[in-house]
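In what follows, a structure is listed as structure tokens, so that the remarks can point back to it.
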Amino acid sequence: MPHTAYASRTIAAAPAVIWSLLADFNGLPAIHPAISHSELENGASHTEPGVVRRLTVPDGIVREKLLKLDTDAFELHYAIVEGPMPVKDYVAVIKLTPQGSNQTLAEWWADFTVTGDADPDAVARGVSEDVFATCLLHVERALAV
């Protein structure tokens, strides 16, 4: 079954190099232009499952909780706890898969339920393109410098 929102990108770098950018649960402002600030609540570590980050985005504040960080599998799971998007039960996964020498398939997906009168297709497209695909593009650009 397809995910509610999905984006992928093949990046010319080893998974460990890409992981160094994506695994920092407090580091999104460095790789996504719409996120101006990130702050971990209660002084927790950015690698500790259960930590909550507060992201400042154009529409307000998004609070996300780290559910799982598996460095060996290059996989990160998180959930939206609170935010301006019309969604509930939002759980997302970032996964990196080696694709031969110095190539990595970076995948980012989420499953959620759209709430209120929002158009489910428009919300899913916005998450896929404006959040996931944009971030993966900026990761690739950051590594090309």
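Each residue of the sequence shown is one higher than the last, beginning at 174 in our numbering. Beta carbons: idealized from backbone N, C-alpha and C, even for Gly. All figures in this text were calculated on a predicted structure; none of them were measured in a lab.
Between the Cα of residue i and the Cα atoms of the options, which residue gives the shortest distance?
{"i": "residue 285", "options": "227, 254 and 242", "result": "254"}
{"i": "residue 282", "options": "276, 263 and 228", "result": "263"}
{"i": "residue 232", "options": "248, 265 and 210", "result": "210"}
{"i": "residue 291", "options": "268, 261 and 273", "result": "261"}
{"i": "residue 249", "options": "269, 190, 257 and 177", "result": "269"}
{"i": "residue 179", "options": "316, 307, 289 and 280", "result": "280"}
{"i": "residue 243", "options": "296, 197 and 316", "result": "197"}
{"i": "residue 305", "options": "241, 314, 267 and 315", "result": "267"}
{"i": "residue 228", "options": "316, 212, 217 and 216", "result": "212"}
{"i": "residue 181", "options": "317, 309 and 314", "result": "309"}
Since residue i and residue j are thought to touch, with beta carbons under 8 Å apart, how far apart are those beta carbons, to the nearest angstrom?
{"i": "residue 239", "j": "residue 259", "result": "The pair is not a contact, with the Cβ atoms about 23 Å apart (cut-off 8 Å)."}
{"i": "residue 300", "j": "residue 204", "result": "The pair is not a contact, with the Cβ atoms about 16 Å apart (cut-off 8 Å)."}
{"i": "residue 277", "j": "residue 208", "result": "Between residue 208 and residue 277 the Cβ distance is about 22 Å, and since that is not below 8 Å, they are no contact."}
Under three-state DSSP, which class holds residue i?
{"i": "residue 300", "result": "helix"}
{"i": "residue 290", "result": "coil"}
{"i": "residue 216", "result": "helix"}
{"i": "residue 193", "result": "helix"}
Cα separation between residue i and residue j?
{"i": "residue 128", "j": "residue 303", "result": "The structure shown does not extend to residue 128, since the chain is modelled only from 174 to 318, so the question has no answer here."}
{"i": "residue 193", "j": "residue 214", "result": "21 Å"}
{"i": "residue 174", "j": "residue 219", "result": "For residue 174, the predicted structure reports a pLDDT of 46, less than 50, and the residue's modelled location is therefore unreliable. A value from the coordinates is still provided. Rounded to whole angstroms, residue 174 to residue 219 spans 31 Å at the Cα level."}
{"i": "residue 256", "j": "residue 237", "result": "9 Å"}
Let me confirm a value: residue i is counted as buried when at least 16 other C-beta atoms fall within 10 Å, else exposed. Which label applies?
{"i": "residue 226", "result": "buried"}
{"i": "residue 234", "result": "exposed"}
{"i": "residue 288", "result": "exposed"}
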